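Numbering (this note's numbering), first residue to last: 90 to 235.
Built from N, CA and C at the ideal position, the CB exists for glycine as well.
Model, not experiment: these values are computed from the prediction.
See below:
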């Protein structure tokens with residue numbers, strides 16, 4: 090509504106004739122009519138089907154990288170192929186929020202995430218080592234010190 094209020098105010102200030110919004114009922118990417126919030130992939134919306142297709146093509150992708158955070162191997166593949174994830178940070182912070190939800194668990198699964206990404210992106214072991222160092226440098230600031 091904030092955007093609508095701004096437009097309405099600008100129309101008033103600039104004395105512009107009001108036009109009805111054409112985007113009011115526009116569905117955004119991933120829209121899903123009735124999400125099943127018990128499904129760990131619910132936040133992918135309609136893209137759940139693409140992730141399931143990856144799993145159907147390669148059942149190994151249906152295995153958890155983290156049971157604790159409900160992160161599947163297929164999610165890494167999907168993020169690289171469809172969401173332009175290029176680093177462990179991209180996936181573990183921006184795509185899944187794992188680093189913010191449980192930094193210790195994110196650090197634990199980072200090597201597997203990096204390994205999967207390396208295969209898809211055709212990266213060598215040097216890249217994997219450097220990527221893990223880069224991620225560990227960032228994640229250390231999120232680890233709870235007791």
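In or out: residue i buried (at least 16 other Cβ within 10 Å) or exposed?
i	result
residue 126	exposed
residue 102	exposed
residue 90	exposed
residue 138	exposed
residue 190	exposed
residue 219	exposed
residue 206	buried
residue 173	exposed
residue 154	buried
residue 143	buried
Measure the CB-CB distance between residue i and residue j and report whether it falls below 8 Å.
i	j	result
residue 187	residue 160	yes
residue 217	residue 203	yes
residue 140	residue 164	yes
residue 181	residue 166	no
residue 107	residue 100	yes
Please check the pair residue i and residue j, which I expect to be a contact at CB under 8 Å, by giving their CB distance rounded to whole angstroms.
i	j	result
residue 232	residue 193	6 Å
residue 169	residue 196	About 20 Å separates the two Cβ atoms, so there is no contact after all.
With DSSP collapsed to three states, give me the class of residue i.
i	result
residue 232	coil
residue 224	helix
residue 190	helix
residue 160	strand
residue 153	strand
residue 214	helix
residue 97	helix
residue 135	helix
residue 124	coil
residue 171	helix
residue 119	coil
residue 102	helix
residue 111	coil
residue 181	helix
residue 129	coil
residue 147	coil
Following a CB-centred definition, is residue i positioned closer than 7 Å to any heavy atom of the ligand FMN?
i	result
residue 102	Inclusion of the ligand FMN in the displayed structure is not the case, the ligand content being empty and no account of it being possible.
Against chain D, does residue i count as a neighbour if the rule is that its beta carbon must be under 8 Å from one of theirs?
i	result
residue 186	The chain inventory of the structure shown lacks chain D, comprising one protein chain alone.
- Query: Are the stretch 103-122 and the stretch 131-140 touching, with three or more C-beta to C-beta distances below 8 Å?
  - Reply: yes
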